[in-house]
DNA sequence: CGATTTGTTAGTAG
DNA sequence: CCTACTAACAAATC
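Residue numbers (my numbering): -13 to 263.
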């Protein structure tokens, strides 16, 4: 489940290996993972282009190419993007192969939810999903003030709000549960009902878990691997995600799991009260 | 063998 | 049109 730290790790890994490489040939094995243009056109438009840069926006991977084109990749739940220096036999669920002048970039996705699209650089802001993304929590321009202001404007429950990519870009189920626990906020609290102090704590906790996530190269609970196929280490310091029944590392009370906004949600009933402390 | 898992979007209700 | 919420998608794993 690649969230911001996982995507950031992949982008940094691949940047070192891919910038300056030239795409020789693209093989589309599962056409539906190519959102646009049509798979044949997608492949022919890519051949011969040089990779000039890699960037992240929310959970999107942006691969800049010569000729002002950009490859927009979203891994969704189980997508993987891994670079190999030599053409190894590719595993199950491999849907795209980018043969480069040196090495191969392989896109695999067990659940087939991930999507890849080739766009013009200037029409990037019109790409659905990318267009409506909210603030980048790790950007310098992201201020506590603005976060608190926007939080208090919403009547929604805080957890579904944090998962809304139009509100804040990059959080998923794991880091949201961890940030709420660290800031002592119950996931079902109404965003507007948080005190300023709680909202500020939440803001700091979000930045904290995301930075630590990046530092530990992501969370490998199930499928996530980085740009060279290695697992991350943030799962070693998870406090509540996937810990139902285990003692909260802060107070020892068993972690509970509920359904919130249709998502499984882990929290400590003692550290995260339903009403303001 | 049915329940569970998740990111996003399309759809509904108000 | 805006806000809040939910179903649907896919496929392996338990």
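Where is the CB? At the ideal position from N, CA and C, for every residue including glycine.
It should be emphasised that the depicted structure is a prediction, and the values quoted were computed from it without experimental measurement.
Give the range of the beta strand (DSSP E) segment to which residue 21 is assigned.
20 to 22
Ends of the beta strand (DSSP E) at residue -3?
Counting along the chain, residue -3 falls outside any beta strand (DSSP E), though it belongs to the alpha helix (DSSP H) covering -10 to 4.
Here's the rule: buried if 16 or more other CB atoms are within 10 angstroms of the residue's CB, otherwise exposed. What is residue 95?
buried
Return the first residue and the last residue of the beta strand (DSSP E) that residue 11 is part of.
9 to 14
I'd like to know whether the C-beta atoms of residue 104 and residue 55 end up nearer to each other than 8 angstroms.
yes
Could you tell me the distance, in whole angstroms, from the CA atom of residue 9 to the CA atom of residue 77?
21 angstroms
Three-state secondary structure (DSSP) at residue 263?
In this predicted model, residue 263 has a pLDDT of only 48, less than 50, meaning its place in the structure is not dependable; the value taken from the coordinates is given anyway. Of the three classes helix, strand and coil, the one that applies to residue 263 here is coil, per DSSP.
Of the choices 212, 253 and 223, whose alpha-carbon is the least far from that of residue 231?
253
So residue 225 and residue 235 are supposed to be a Cβ contact under 8 angstroms. How far apart are they, rounded?
5 angstroms
How many Å lie between residue 134 and residue 179 at the Cα?
11 angstroms
Between residue -3 and residue 218, what straight-line distance do the alpha-carbon atoms span, to the nearest angstrom?
14 angstroms
Considering only the alpha carbon of each residue, which of 107, -8 and 11 lies closest to residue 280?
Absent from the model: residue 280. The displayed extent of the chain is -13 to 263, so no value can be given.
Between residue 48 and residue 210, what straight-line distance do the alpha-carbon atoms span, to the nearest angstrom?
18 angstroms
Taking the C-alpha atoms as reference points, what is the distance between residue 157 and residue 74?
33 angstroms
Using CA atoms only, rank isn't needed, just tell me which of 17, -10 and 168 is closest to residue 61.
-10
Could you check the C-alpha separation between residue 25 and residue 15 for me, to the nearest Å?
10 angstroms
Taking the straight line between their C-alpha atoms, what separation do you get for residue 207 and residue 165?
17 angstroms
For residue 189, which of helix, strand or coil comes out of DSSP?
helix
Of all the alpha helix (DSSP H) runs that stay within the bounds of the region 162 to 237, which reach a length of 4 or more residues?
182 to 201
What does DSSP give as the partner residues of residue 50 in its beta bridges?
39 and 56
Opposite residue 92 in the DSSP bridges: which residues?
68 and 83
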